[in-house]
Amino acid sequence: MNVRNHFILMSDHNTRMNKQIYSVAQTLSKEALNENRGAFFKSIIGTLNHILIGDLVWLTRFSQFSERYTTLHRLSNFPYPKRLDDILYSDFHSLQTTRKEVDSLIGSWLKNDTQERDFDNQLQYTNSQGVISRRDFGELISHLFNHQTHHRGQLTTLFSQMQHDVGPTDFLLEIPDTHS
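Below, the structure written as structure tokens:
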């Protein structure tokens, strides 16, 4: 398996799933989006913001890996969170627009800036508590996508409890069928 191609597929899956999630969310009232539903980040809008925050934090860390990662210079266009539970965007449409931009940025970065050899290296970063860590760069990118999947799973549960279906969620849909 080519790791770079795998991450590009994960980015495609991420983009599709975010479109599906936001498509359901946009049908809800502001009150429904902001209602405390007992989720870890309380509301749908809180969870959507947290997913975005995770992306912004990790992509900012990734931007330090290589001078080739010029696509990630666009991160300066977005607010940087102070906390993991910040509400960067209380307005749904602004949040949705930013989500689309960040999804596009992730895909462009992986397709245009990364090289297969990047993923076998280490990335040193400082976490939100000031602790310095050094970890496998490829695994950290896996963590970026796993984090999104985890919290989208929470959202699909909340939507299901509200009688809303987000549609198919399987990564399988992005994997090319090689049957001849």
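If you're matching positions, the sequence shown starts at 41 in our numbering and goes up one per residue. Every residue gets a Cβ at the ideal spot worked out from N, C-alpha and C, and that includes glycine.
Counting only unbroken stretches of 4 or more residues, the alpha helix (DSSP H) elements lying wholly within the stretch 78-161 are 84-102 and 132-152, in sequence order. Excluding sequence positions up to five before and after ASN161, its CB lies within less than 6 angstroms of the CB of PHE177, all in the same chain and listed in chain order.
THR138 is positioned such that its CB atom lies closer than 8 angstroms to that of PHE118. Under the 10 Å beta carbon count, PRO121 is surrounded by 16 or more other beta carbons and is classified as buried.
Secondary structure note for ILE181: its alpha helix (DSSP H) is the uninterrupted segment 177-201. When the Cα atoms are used, ARG157 and ARG44 turn out to be separated by approximately 9 angstroms. With respect to the C-alpha of HIS53, the residue from MET202, SER83 and LEU184 having the closest C-alpha is LEU184. Three or more Cβ pairs closer than 8 angstroms define a contact, and the stretch 127-142 falls short of that threshold against the stretch 197-208. Remark: three or more beta-carbon pairs, one from each stretch, lie closer than 8 angstroms, so the stretch 141-149 and the stretch 88-103 are flagged as touching.
In the displayed model, GLN60 falls within a helix according to three-state DSSP.
DSSP places ASN74 in the uninterrupted alpha helix (DSSP H) bounded by 70-74.
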